[in-house]
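Chain order of the listed sequences is A and B. Numbering-wise, the first sequence is residues 199 to 412 according to this note's numbering. Numbering-wise, the second sequence is residues 81 to 296 according to this note's numbering. Beta carbons: idealized from backbone N, C-alpha and C, even for Gly. Source: prediction; values computed, not measured. Presented below is the structure to which this report refers.
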Amino acid sequence: MDHRHLIAKRAAAYFKSGDVVNLGIGIPSLCGNYAEPGVLFQAENGYIGVGPIAEGLMVNERMVNAGGIPFVPVPGASAFDVAMSFGVIRSGRMAATVLGALQVSEGGDLANWASPGRAFGMGGAMDLCNGARKVIVAMEHCTREGAPKIVNECSLPYTGRACVNHIVTELCVIDVTENGLLLRELAPGHTVEEVQAKTEPVLLIADDLKEMAF
Amino acid sequence: MESKVTTREAIISQFRDGQIIAIGGQTGRYMPERLIGCILDSGARHLTIYSIDTSDPGVGVGRLIDAGVVDRIITTHVGTNPVTNAQIQAGTLEAELSPMGNFIERIRCGGLGLGGVLTKTGLGTVVEQSKQVVRVNGERYLLEPALRADVAITRCRRADPIGNLTYQGASGRASHPVIATCGALSIVECDHFCDLGEIAPDQVEVPGMFIDMILV
């Protein structure tokens with residue numbers, strides 16, 4: 199399994215049956231493959247109960263999720279417009295959202311909608327990171343150039359402030375706590391020293407530091 | 081009562097330079113492509129567009145971007161369309177980026193007679209910089225002002241002659257029912273045209289009173 203799928207699988211372990219969950223594009227979108235039965239996925243364009251990718255005769259342009267992927271609904275699905283969809287998100291009914299990130303700060307600030315010279319837009323991310331009960335960032339630990347994405351302060355425009363609860367990368371699981379970033383799990387074959395070297399803020403280490411289970 | 085079914089030529093004649101046009105749909109799927117063709121054929125330029133995104137080049141709102149007829153856009157996401165980005169960088173397209181929940185509420189307010197909406201989304205971000213902050217019951221909110229358009233163009237699954245509309249699916253609904261309310265002139269293209277009475281009252285999602293013209 200490549201590390202993008204490993205990250206998604208670990209992030210999906212935060213969901214439980216009955217949860218309504220929203221997945222961002224990229225690595226987060228892979229979480230749907232690993233959730234336990236009974237988790238319902240939302241599409242921002244107005245759907246709860248997004249099921250598997252549609253193929254063949256099941257493909258139609260009215261049943262496409264917010265990332266443009268055609269899907270088949272699950273039993274119990276419901277359809278509504280975008281205004282209702284964001285009412286669901288803002289009103290605290292969304293158990294969790296999994297989002298990608300360009301940067302996450304020590305205080306749980308999230309930056310994921312604009313990079314230098316290119317503001318591609320926040321889409322639904324600002325509503326999700328404020329409204330969902332649990333905000334999980336699923337991302338590669340460092341940039342392609344090897345720079346830390348977990349930083350003291352975000353230098354890129356904020357998506358939300360003090361909103362992230364959990365960070366899942368190919369190296370580790372980190373919780374955002376009142377005291378700072380707490381290293382909870384370490385991926386097999388990696389060390390605390392290595393993770394710290396690739397993370398800007400000083401990490402707190404959990405007393406019961408575990409191996410990341412995939 | 082007269083049918084609202086309108087010829088393509090009569091619809092084309094509604095578009096003018098400098099209009100604000102709100103367009104339903106998302107991610108370039110189930111867009112009102114035939115009505116977007118009417119805008120292009122009208123030759124109208126210097127348009128302001130309200131839409132959730134700018135689709136891809138050659139698709140949906142992207143067709144208007146490709147043609148260079150859009151001066152300004154209020155949207156939530158432009159990352160899917162490199163032409164949009166190129167025009168923003170070149171300074172020929174002015175873009176206001178709005179969080180998606182705020183965007184759709186602004187449209188809903190414009191369509192349903194409200195001046196704006198209070199939301200926490202965007203607090204502590206650049207979105208807050210250009211907005212009024214209001215305190216209600218001790219909590220801080222951004223005041224997001226309503227958006228109204230000169231023309232709203234949308235797509236629906238079924239329409240009857242007086243403009244009662246139904247939708248189907250996720251992308252098949254999306255922003256269409258909300259956008260359909262926000263225009264001084266609301267034009268819809270339908271997949272299926274029904275006789276009066278064929279759509280049961282309980283199935284109607286947008287009542288015909290919001291709709292002015294139907295492209296069958």
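Quick check on DSSP: helix, strand or coil for T295(A)? strand
At 8 Å on the CB atoms, spell out the chain B contacts of N363(A), in chain order. Near N363(A) there are no residues of chain B at all, since even the closest Cβ is about 17 Å away, more than 8 Å.
Any C-beta of chain A under 9 Å from that of L115(B): no
So if DSSP puts V213(B) in a beta bridge, which residue, or which two residues, is it bridged to? L222(B)
Neighbour list for R342(A) in chain B, Cβ cutoff strictly below 9 Å: Near R342(A) there are no residues of chain B at all, since even the closest Cβ is about 17 Å away, more than 9 Å.
Please determine, among L295(B), V207(B), P241(B), Q248(B), the residue with the shortest C-alpha to C-alpha distance to Y221(B). V207(B)
Under the assumption that G108(B) contacts G140(B) (Cβ atoms under 8 Å), give the Cβ distance between them as a whole number of angstroms. 5 Å
According to DSSP, S276(A) sits in a beta bridge with which residue or residues? I246(A)
Let me check one thing: in DSSP terms, what residues is E409(A) bridge-paired to? L384(A)
Can you tell me which of the three DSSP states A124(B) falls into? coil
Which of the residues in the segment 230-256 of chain B, read from start to end, lie with their CB under 7 Å from any CB of chain A? Q248, G249, A250, S251, G252, R253, A254, S255
Grab me the residues of E174(B)'s own chain with a C-beta within less than 7 Å of its C-beta, minus the 5 sequence neighbours each way, in chain order. D151, R152
N217(B), buried or exposed, once every other Cβ within 10 Å from all chains shown has been counted against 16: exposed
Whose C-beta lies closer than 6 Å to the C-beta of Y245(A) among residues of the same chain, with five residues either side of it excluded? A277
For V374(A) and V393(A), what's the separation of their Cα atoms in angstroms? 16 Å
Determine, using beta carbons only, whether E269(B) and P112(B) come nearer to each other than 9 Å. yes
Output, in sequence order along the chain, the residues in the segment 170-181 of chain B whose CB is closer than 9 Å to any CB in chain A. A175, L177, S178, P179, M180, G181
V302(A): beta carbon under 8 Å from a heavy atom of the ligand ZN? Looking for the ligand ZN in the displayed structure turns up nothing, as the structure carries no ligands at all.
Compare the C-beta of Q106(B) against all C-beta atoms of chain A and say whether one is closer than 9 Å. yes
Specify, as a first and last residue, the run of the alpha helix (DSSP H) that G181(B) falls within. 180-191
Could you name the residues of chain A that E185(B) contacts, counting a contact when the two beta carbons are closer than 8 Å? A281, F284
Segment contact, 8 Å Cβ cut-off, at least three pairs: the segment 279-293 of chain A with the segment 249-256 of chain A: no
So, do the segment 323-339 of chain A and the segment 362-369 of chain A have three or more beta carbon pairs nearer to each other than 8 Å? yes
Could you tell me whether the Cβ of T357(A) comes closer than 9 Å to any Cβ of chain B? yes
Confirm, please, whether the CB-CB distance from E391(A) to I225(A) is below 9 Å. no
Using beta carbons (cut-off 9 Å, strictly below), is Y130(B) in contact with chain A? no
C-alpha distance - S122(B) paired with T87(B), whole-angstrom precision: 14 Å
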